[in-house]
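**Q**
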Amino acid sequence: MKVNEQARQLLRASKLSELAGVPIPTIKHYVNEGLIPQPMKTGKTMAYYDPACVDRIKLIKRLQKEQFLPLDVIKRVLDSGAAYEEELQVGQAILKSHKAASLSKMVPEQSIERRSHYPMRKVRLLEKEGLIMPSKKDGSRFYDAADLKVIEIMKRREELGVPFDHSIETLRLYKEAIRGAVGRDIRLFAKNLLGGFPSEQTVSFLTEVDDSLDSFIILIRQKLLRRLGGEAISQMNELSKKLAMLSFTLPGAYLPEDEPEEFIPRLLYFFCSGRQASVAEFVESLPETDASKYAAAAVIAHVLRKDFTAALSLVSRQFPKPDGRVLNDAAAALAYMVSVGETSGFTGPSNLVRKALAHLREIERARMKNNVADLIGGYICGAIYVLLPDMFDTLERGIDMLERVKRRLRDRRMQIGRIPPWLEETVQFEIIPAMTIRVNRFLAEAYLRRGDCERAEQCLAAIIEIAEPCDEHSQWARIKKIEIRNMPVH
C-alpha cells in the first residue's frame, strides 16, 4: 500500500484531538511517554495516527479520572494486552485505589476552604509539611478524601484545645516514621512476594492481607502508648527517691567546735553539720532584703528536711518565675521535682514538672560562673535532667551539664572567696569528693540509658577509685561493672 493510501485510513492530530477529547499537546505527551504508538509521518509537519488511539486515549483519561493511576502505571497496564483486567487490579492494589471509592469527589483548590471550613493559610501549612498532598490535573490542584480527613483531624484537635503548632509537630513525627516504614515495606514486598505469585493472589496480598497492617498500626500504637506511658509514670514515681541521692552527709572532720559568728560561715556551718532546720530558721529570721538574697539556701534546706510544702511555699513567694540566677532557679526546680511524688493524679505532677523545666531552661541560658553557688546549681540541674523520663527529652542536656560540673570538680576550678580554713578544707576534702561520686553515678546511669557502656564504665571506675570500698556507691558501681561485662554482645 502506498503512503498516501495508508494515510487516508489514519487520523491527523487535529481529528484525533477532536475524537478523543484531548488537546494536541496531550497527544504528543502520550506519544513521548509510550502510551500511544508513534504516528506515521509523511512530512516535517504532517503526522497520522492509528484510529485505535481514540479508544486508547479515552481509556487513559478514564483510568486517570476514576482510578487516579499515574501514567507510568497506566502504561504497564495497557501494555499487558490480554491480561489487562488482571494487571489493572494489581495496579489498583499497589496504589490502594480499592480504598479510594470516595476519592472520585475531588475538591478543587478554590473550593477547599469553603468545603472544609478551615483557613486556607493552615491548609497551605499542612501541605508544606507534606501532611496533605493535593494532586495536579490539567493545571489545577485537587484535594482528595484523605486530604480532607487530615484537615478534619486538625480541626478536631484544635477544637479540643490542642495548639495548631503542636499538632503539626505530632503529625510530622508520625509521617516521617511511617514514611520510612512504608519504604522498607515496599522493598520487602518486592523482594519476597511481587512476581512470584499469580495476579489474583498478588491482589489479595495487596488488599485483604496488606490492609490488616492498618489495624496493626493502630493496635501497636495503642499498646506502645500504654507501655511507654506506664514506664514514664513509674519513672516519675521513682524521681523523688533518686533525687535524694543529690544530698550527702559530711564527716565534718574540719568543722569548728563552736558556731562561727560571721553570717556566711555560720550559714554554711549549719549546712555542713546537717542542721537544715537551723538553716531555714536562720534565713527566714533575716530582714526581708537579706532573706530574699539567701532564700535558695532555705528552699534547699526545706527539701533536705523533706518539708516540701514549706519549700514550695517559699519558692512561690521568692521565685514565682525564673530569674536567671543559677542557684535560685536550681532550688526552685528541685522543690518542684521532689514534690512530684507527693502529688496525686496526673495534672498536678505535670504542672510541677512544667514549672521545674522553666527554671532549668533558664539555668542552661545563664552564663555560669566558677563559684560554689553556680556549681551546686549546675549539679542539681544536670541530675534532674538525666533522671527525668525519656518523654521529656532532657537526657543529653543533663549529660552535658553534668560533664561540665565534673570537669570543674576535677580541676578544682571554683572561686571560693575569702573563707575560713575549716570551710576551705571541708569544700576541698569532703564536699568535692562527695559531689564527684554522685555526679559520676548520675552520668553512669545516663550513659547506660544511652547505650554507651564505655563511658558508663569510665564513670564507674571513677566512683570505685574515690569512694571507700564499703561505701554504698562503691558497691553499686562494682555490681554495675559486672552487669556491663555480662551484657550480650550485639
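Here the sequence shown stands for residues 9 to 498, numbered as in our numbering.
No residue lacks a Cβ here, since even glycine has one placed at the ideal position from N, Cα and C.
On a predicted model such as this, the values are computed, not experimentally measured, just so you know.
Output needed for CYS467: all residues of its chain with C-beta closer than 7 Å, excluding positions within five of it in sequence on either side, in chain order.
**A** What you label residue 467 is simply residue 459 of the sequence shown in a count that begins at 1. Excluding sequence neighbours, CYS467 sits near ASN448, LEU451, ALA452 and TYR455.
**Q** Hey, VAL115 and PHE150: beta-carbon distance below 8 Å or not?
**A** In the sequence shown, residue 115 corresponds to position 107, counting from 1. In the sequence shown, residue 150 corresponds to position 142, counting from 1. Yes, Cβ-Cβ distance for VAL115 and PHE150 is below 8 Å.
**Q** Could you tell me whether the Cβ atoms of PHE316 and GLU292 are closer together than 8 Å?
**A** Here residue 316 refers to the residue found at position 308 when the sequence shown is read from its first residue. Here residue 292 refers to the residue found at position 284 when the sequence shown is read from its first residue. No.
**Q** Looking only at its chain, what residues have a beta carbon closer than 7 Å to the beta carbon of GLU465, apart from the 5 residues adjacent to it on each side?
**A** If you number the sequence shown from 1, residue 465 lands on position 457. Around GLU465: LYS489 and ILE492.
**Q** By DSSP, does LYS314 sit in helix, in strand, or in coil?
**A** Translated into the one-based positions of the sequence shown, residue 314 becomes position 306. DSSP places LYS314 in coil when its eight states are reduced to three.
**Q** Looking at GLU372 and ARG405, is the spacing between their C-beta atoms short of 8 Å?
**A** The residue you call residue 405 lines up with position 397 of the sequence shown. The residue you call residue 372 lines up with position 364 of the sequence shown. Going by C-beta atoms, ARG405 is nearer than 8 Å to GLU372.
**Q** Report all residues from its chain with a CB closer than 6 Å to the CB of GLU117; omit the five preceding and five following residues, and keep chain order.
**A** Here residue 117 refers to the residue found at position 109 when the sequence shown is read from its first residue. Here the set comprises ARG149.
**Q** Just the C-alpha distance for ARG333 and GLU270, rounded to the nearest angstrom, thanks.
**A** Here residue 333 is taken as the residue at index 325 of the sequence shown, counted from 1. Here residue 270 is taken as the residue at index 262 of the sequence shown, counted from 1. C-alpha separation (whole angstroms): 24 Å.
**Q** What are the start and end residues of the alpha helix (DSSP H) that includes LYS157?
**A** For the purposes of this step, residue 157 is identified with residue 149 of the sequence shown, where counting begins at 1. Looking at the DSSP string, the run of the alpha helix (DSSP H) that includes LYS157 is 153–167.
**Q** State buried or exposed for LYS144, treating a residue as buried only when at least 16 other CB atoms are found within 10 Å of its CB.
**A** If you number the sequence shown from 1, residue 144 lands on position 136. Burial call: exposed.
**Q** So is PHE290 buried or exposed if we call it buried at 16+ other beta carbons inside 10 Å?
**A** Along the sequence shown, one-based indexing puts residue 290 at 282. Buried.
**Q** At which residues does the alpha helix (DSSP H) containing LYS2 begin and terminate?
**A** Since the first residue of the chain shown is 9 and the last is 498, residue 2 is not available in this structure.
**Q** Quick test of your reading: ALA338 and ILE384, contact by CB under 8 Å. State the CB separation rounded to the nearest angstrom.
**A** For the purposes of this step, residue 338 is taken as the residue at position 330 of the sequence shown. For the purposes of this step, residue 384 is taken as the residue at position 376 of the sequence shown. With 8 Å as the limit, ALA338 and ILE384 qualify as a contact, their Cβ atoms being about 7 Å apart.
**Q** Short check: CB of LEU18 to CB of PRO78, under 8 Å?
**A** As a working mapping, residue 18 is identified with position 10 in the sequence shown. As a working mapping, residue 78 is identified with position 70 in the sequence shown. No; because the gap between Cβ atoms is not below 8 Å, this pair is not in contact.
**Q** Closest to SER255 by CA distance: which of GLN326, CYS280 and GLY238 is it?
**A** In the sequence shown, the residue the question calls residue 255 occupies position 247. Among GLN326, CYS280 and GLY238, the Cα nearest to that of SER255 belongs to CYS280.
**Q** Using a threshold of 8 Å, state whether the C-beta atoms of SER300 and GLN326 are closer than that.
**A** Locating residue 300 in the sequence shown gives position 292, counting from the first residue. Locating residue 326 in the sequence shown gives position 318, counting from the first residue. In contact: SER300 and GLN326 (Cβ atoms closer than 8 Å).
**Q** Which whole-angstrom value is the C-beta distance of LEU236 and LEU395, which I expect to be below 8 Å?
**A** Start at 1 with the first residue of the sequence shown, and residue 236 comes out as number 228. Start at 1 with the first residue of the sequence shown, and residue 395 comes out as number 387. So it is not a contact: roughly 17 Å between Cβ atoms.
**Q** Can you tell me where the alpha helix (DSSP H) holding ALA452 begins and where it ends?
**A** Here residue 452 refers to the residue found at position 444 when the sequence shown is read from its first residue. Looking at the DSSP string, the run of the alpha helix (DSSP H) that includes ALA452 is 440–458.
**Q** Taking ILE440 as the reference, give the member of THR257, ARG375, ARG426 and ALA305 with the closest Cα.
**A** Working through the sequence shown from its first residue, we reach residue 440 at position 432. Comparing Cα-Cα distances from ILE440 to each of THR257, ARG375, ARG426 and ALA305, the minimum goes to THR257.
**Q** Hey, out of SER324, ALA319, ASP298 and TYR262, whose CA is closest to VAL435's CA?
**A** Along the sequence shown, read from residue 1 onward, the residue named residue 435 stands at position 427. Answer by Cα proximity: TYR262.
**Q** Give the secondary structure of ALA108 by DSSP, where H, G and I count as helix, E and B as strand, and everything else as coil.
**A** Here residue 108 is taken as the residue at index 100 of the sequence shown, counted from 1. Any reading at ALA108 needs caution, since the residue's pLDDT is 48, under 50, leaving its predicted position unreliable; the model's value is listed next. Coil, per DSSP.
**Q** In the DSSP assignment, the beta strand (DSSP E) including ALA55 goes from what residue to what residue?
**A** What you label residue 55 is simply residue 47 of the sequence shown in a count that begins at 1. Unbroken beta strand (DSSP E) run through ALA55: 55–57.
**Q** Measuring alpha carbon to alpha carbon, tell me which of MET141, LEU133 and ASP155 ends up nearest GLU177.
**A** For this step, residue 177 is matched to residue 169 along the sequence shown. Closest option to GLU177, Cα to Cα, is LEU133.
**Q** Return the bridge partner residues of SER148 from the DSSP annotation.
**A** Here residue 148 corresponds to residue number 140 of the sequence shown, with the count starting at 1. BP columns for SER148 point to LYS145.
**Q** GLU433: which of TYR277, ILE225 and LEU322 sits nearest, CA to CA?
**A** Indexing the sequence shown from 1 puts residue 433 at position 425. That would be TYR277, whose Cα lies nearest to the Cα of GLU433.
**Q** Which value, in whole angstroms, describes the spacing of the CA atoms of VAL348 and VAL311?
**A** Within the sequence shown, the letter at position 340 stands for residue 348. Within the sequence shown, the letter at position 303 stands for residue 311. One C-alpha to the other measures close to 12 Å.
**Q** Taking only runs of the beta strand (DSSP E) that begin and end inside the region 25–86, which ones reach a length of at least 3 residues, in chain order?
**A** Runs found: 55–57.
**Q** To the nearest angstrom, how far is it from the Cα of GLU462 to the Cα of LEU227?
**A** By one-based count along the sequence shown, residue 462 stands at place 454. By one-based count along the sequence shown, residue 227 stands at place 219. Rounded to whole angstroms, GLU462 to LEU227 spans 37 Å at the Cα level.
**Q** Which residue from ARG229, ALA364, ASP152 and ALA28 puts its Cα closest to that of LYS329?
**A** Sequence index remark: in the sequence shown, residue 329 carries index 321 (1-based). Selected option, being the one with the closest Cα: ALA364.
**Q** Beta carbon of VAL62: closer than 7 Å to some heavy atom of the ligand HEM?
**A** Only the bare structure without any ligand can be found here, which leaves the ligand HEM out of the picture.
**Q** Distance check for TRP430 and GLY264, CA to CA, integer angstroms please.
**A** Residue mapping note: residue 264 aligns to position 256 of the sequence shown, counting from 1. Residue mapping note: residue 430 aligns to position 422 of the sequence shown, counting from 1. Reading off the sequence, residue 264 comes out as Pro, not Gly. Answer to the nearest angstrom: the Cα atoms are 7 Å apart.
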